[in-house]
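To keep things clear, I will list the structure first and then write my remarks on it.
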Amino acid sequence: MSAHIGAAAAGLLGSWAWAGTNEPADTVFMHGDVYTVDAKNSRAQAVAVRDGRIVFVGSDRKAQAFVGASTHVVDLGGRMMMPGLIDGHMHPLGGGEGMLRCNMEYKPFTVAQMQDKIRACIAAMADKGEKEWLQVVNWDRQAMSSIDRDPTLADLDALAAPRPIIVTSIDGHSRLNNSVALAAAGIANSTPNPPGGVIAKDAQGHLTGMLEDGALLFSDKAIPPATEAERLQFARIALDMMRQQGVTSFLSALSNTEEVETFATLSHSGELTARAEFAIKVDPKEAQDPVKAVAAVHDIAARYNESPVDARPAVDVHTIKLWMDGVLQAPAQTAALLAPYLEKTGPAGHSKWHAGAAQGQSYFTRDQVDGLLAEAAKAGIDVHMHAIGDATVRLALDGIADERHRYPELDFRPAIAHAELVDPADYRRFKQLDVTAVMQFQWAERAPYSVDAVEHQLGPQRYARMEPEGSLKGAGTRIAYGSDWPVDQMAYFYNLRVGVTRSGDPAHPAGFGPQYAGRLNQDPLLTRADVIRAATAHAAYQLRLESKVGSIEPGKLADLAVLDRNFMTAPENQLAFTKVLLTMVGGRVVWRSAPFDHLASNP
2 MSAHIGAAAA
12 GLLGSWAWAG
22 TNEPADTVFM
32 HGDVYTVDAK
42 NSRAQAVAVR
52 DGRIVFVGSD
62 RKAQAFVGAS
72 THVVDLGGRM
82 MMPGLIDGHM
92 HPLGGGEGML
102 RCNMEYKPFT
112 VAQMQDKIRA
122 CIAAMADKGE
132 KEWLQVVNWD
142 RQAMSSIDRD
152 PTLADLDALA
162 APRPIIVTSI
172 DGHSRLNNSV
182 ALAAAGIANS
192 TPNPPGGVIA
202 KDAQGHLTGM
212 LEDGALLFSD
222 KAIPPATEAE
232 RLQFARIALD
242 MMRQQGVTSF
252 LSALSNTEEV
262 ETFATLSHSG
272 ELTARAEFAI
282 KVDPKEAQDP
292 VKAVAAVHDI
302 AARYNESPVD
312 ARPAVDVHTI
322 KLWMDGVLQA
332 PAQTAALLAP
342 YLEKTGPAGH
352 SKWHAGAAQG
362 QSYFTRDQVD
372 GLLAEAAKAG
382 IDVHMHAIGD
392 ATVRLALDGI
402 ADERHRYPEL
412 DFRPAIAHAE
422 LVDPADYRRF
432 KQLDVTAVMQ
442 FQWAERAPYS
452 VDAVEHQLGP
462 QRYARMEPEG
472 SLKGAGTRIA
482 YGSDWPVDQM
492 AYFYNLRVGV
502 TRSGDPAHPA
512 GFGPQYAGRL
522 NQDPLLTRAD
532 VIRAATAHAA
542 YQLRLESKVG
552 SIEPGKLADL
562 AVLDRNFMTA
572 PENQLAFTKV
582 LLTMVGGRVV
592 WRSAPFDHLA
602 SNP
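Residue numbering for the sequence shown follows our numbering, beginning at 2 and increasing consecutively.
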């Protein structure tokens with residue numbers, strides 16, 4: 002047992018049990034440092050599991066009462082056990098698909114390096130028909146723009162490939178197309194911008210090849226859809242990656258019928274290894290008829306929602322997604338701000354930054370937001386809102402305020418995802434309106450996207466408060482965590498470490514090297530307890546799972562993770578390298594490695 006929970010801390014080792022305490026457990030974990038994430042962040046030594054539920058949390062001595070002839074007794078050897086991670090915002094099908102595509106691997110390529118990478122991918126497709134699309138993913142557009150320049154369709158056309166080629170940025174908001182892809186998508190110089198999107202053109206009105214946000218739908222519709230077998234493959238890859246990192250529940254934050262159906266198929270076959278929640282996208286055009294839009298989401302829920310009678314993970318739909326603006330980073334700058342972005346003018350060596358014309362845009366009107374929130378609340382459906390710029394965050398909060406006033410009696414759980422820039426006047430409104438802020442802690446590190454592409458463009462005052470997790474927490478906001486994978490690499494404990502330090506780890510594969518070392522800005526830090534709670538209990542509340550998971554307490558489902566080091570006490574320079582040794586979902590071991598690799602997958 003770890004020294005810090007030894008005899009001197011014996012008072013923390015209370016014992017809790019659930020109904021049927023005189024029956025042996027299926028599994029008893031002993032000799033651990035159990036971080037429960039209950040209301041008091043209690044610590045324990047042992048946990049007993051029966052029929053997929055936790056029946057006891059407490060001391061090793063009292064846990065002996067749950068050991069029977071067929072009980073699996075697991076010696077944790079002093080290791081930390083915590084609730085399984087709950088990802089409150091990710092894109093699992095896209096993440097799994099990206100592992101099989103031409104992959105730029107999040108690297109800061111120059112244009113020439115990008116071309117070399119794509120040439121290799123073209124060569125690998127030599128046996129494919131010329132009409133088959135080459136889809137390139139995980140392109141760090143901001144890094145390329147910083148070290149070289151923003152590429153254009155001419156850079157792709159120079160590869161002389163007859164096939165359509167698209168290159169999608171890591172944030173999913175920008176996509177570069179070659180001329181063949183633009184033609185296949187029906188885009189010409191005269192094509193107008195769609196609602197919530199931009200078809201980029203140069204000063205002469207010619208296409209640059211870049212599509213922003215809602216304009217990506219043009220190529221989405223032109224690309225032959227993935228087959229059912231392909232979608233199942235993508236989902237299996239995503240689930241395998243999740244269970245290796247201790248993820249036991251997730252929200253797919255930009256979903257549709259096909260994705261829900263895919264995970265429902267895996268649920269029916271017994272392959273679902275995480276509790277699957279889905280937020281169905283409603284776009285600005287659909288928002289013109291909020292009754293119809295919400296009814297469509299309700300229909301998906303009626304078709305696919307499962308009511309499991311045991312502890313197994315299941316599929317659940319009770320959320321709509323509003324993608325309300327774009328990104329802060331140059332060159333896109335599509336997130337809506339209360340004041341304009343800054344631009345640099347003047348001769349070299351004497352240039353200055355001053356307010357420019359660009360201010361971004363919110364893709365939904367106030368009337369659309371109000372209509373959707375009202376219909377969703379009446380239908381018992383929650384709303385998950387992508388809002389990055391301070392103007393869009395305020396628009397979301399204003400809509401929620403009206404909704405709270407109209408229907409104060411309804412159990413409505415709105416969430417605002419990202420909230421990278423929030424006006425200080427709005428900090429306290431999150432708590433006042435009971436809004437969960439779903440934050441991506443890893444964005445609060447120095448990186449091309451958080452320094453080169455925004456620092457001067459926002460100016461010192463706004464940049465000093467970018468990524469306001471600490472300020473929101475200080476104002477009483479419930480902070481939940483969402484990885485946004487595959488926008489970033491899947492590296493949960495690296496990301497949680499950034500939440501604690503507001504700095505990256507140059508030694509970690511997910512880091513950005515020594516040139517980006519140091520703290521992002523002086524927004525207050527979160528504690529280790531804060532980030533763990535954000536990725537467990539608070540995310541569980543966001544997803545309406547708080548009575549089932551998110552903490553280690555009797556009566557809750559046995560969704561558990563065992564770590565190779567104690568995240569609460571390990572040296573700061575070790576936190577990012579934390580590994581998961583064991584993942585349990587509903588009492589079933591879904592991932593294990595040494596020294597637990599001998600355990601059966603279904604004890």
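From the three backbone atoms N, C-alpha and C, an ideal C-beta is built for every residue, glycine too. For clarity, every value in this text was computed on a predicted model and none was experimentally measured.
Going by the DSSP bridge assignment, what does residue 317 pair with across the sheet? 278
Per DSSP, cross-strand counterpart(s) of residue 532: The partner list for residue 532 (beta bridge, DSSP) is empty, contrary to what the question assumes.
Please state whether DSSP places residue 180 in a helix, a strand or coil. helix
Would you check if there are 3 or more beta carbon pairs closer than 8 Å linking the stretch 438-446 to the stretch 490-506? yes
Taking 8 Å as the cut-off, does the stretch 466-478 touch the stretch 522-531 (at least 3 CB pairs, one atom from each stretch)? yes
Give the C-beta separation of residue 459 and residue 434 to the nearest angstrom, bearing in mind that I take them to be a contact with Cβ-Cβ under 8 Å. Not really, about 26 Å apart at Cβ, beyond 8 Å.
Here's the rule I'm using: 16 or more other beta-carbon atoms within 10 Å means buried, otherwise exposed. How should residue 143 be labelled? buried
Do residue 492 and residue 507 have their C-beta atoms closer together than 9 Å? no
Around the Cβ of residue 191, are there at least 16 other Cβ atoms within 10 angstroms (buried) or fewer (exposed)? exposed
Would you mind reading off the limits of the alpha helix (DSSP H) that contains residue 344? Residue 344 -> not in any alpha helix (DSSP H); beta strand (DSSP E) instead, spanning 343-346.
Bounding residues of the beta strand (DSSP E) (the contiguous stretch that carries residue 470): Residue 470 -> not in any beta strand (DSSP E); alpha helix (DSSP H) instead, spanning 470-475.
Take the Cβ of residue 369 as the centre, count every other Cβ of all protein chains shown within 10 Å, and call the residue buried at 16 or more, exposed below. buried
Could you pull out every unbroken alpha helix (DSSP H) segment of at least 4 residues lying fully inside the stretch 476-564, listed in chain order? 493-502, 529-535 and 538-543
Who are the Cβ neighbours of residue 299 in its own chain at under 6 Å, not counting the five residues just before and after it? 380
Limits of the alpha helix (DSSP H) - the one that residue 428 falls within: 428-433
Which whole runs of the beta strand (DSSP E) in the stretch 49-102 are 3 residues long or more, in chain order? 54-59, 73-76, 81-84 and 86-91
Nearest to residue 280 (by Cα), restricted to the options 270, 253 and 569: 253
Would residue 585 and residue 521 qualify as a contact pair, given that the criterion is a beta-carbon distance under 9 Å? no
Which residue spans inside the stretch 114-164 form an unbroken beta strand (DSSP E) run of at least 3? 135-140
Can you tell me the Cα-Cα spacing of residue 28 and residue 63, whole angstroms? 14 Å
In whole angstroms, give me the CA-to-CA distance for residue 120 and residue 505. 32 Å
If you count every other CB in all the chains shown that lies within 10 Å of the CB of residue 366, and 16 or more means buried, which is it? exposed
Out of 245, 109, 422 and 91, point me to the one whose CA is closest to residue 516's CA. 109
May I have the straight-line CA-CA distance separating residue 128 from residue 290, to the nearest angstrom? 46 Å
Whole angstroms is fine: what's the gap from residue 353's alpha carbon to residue 453's? 16 Å
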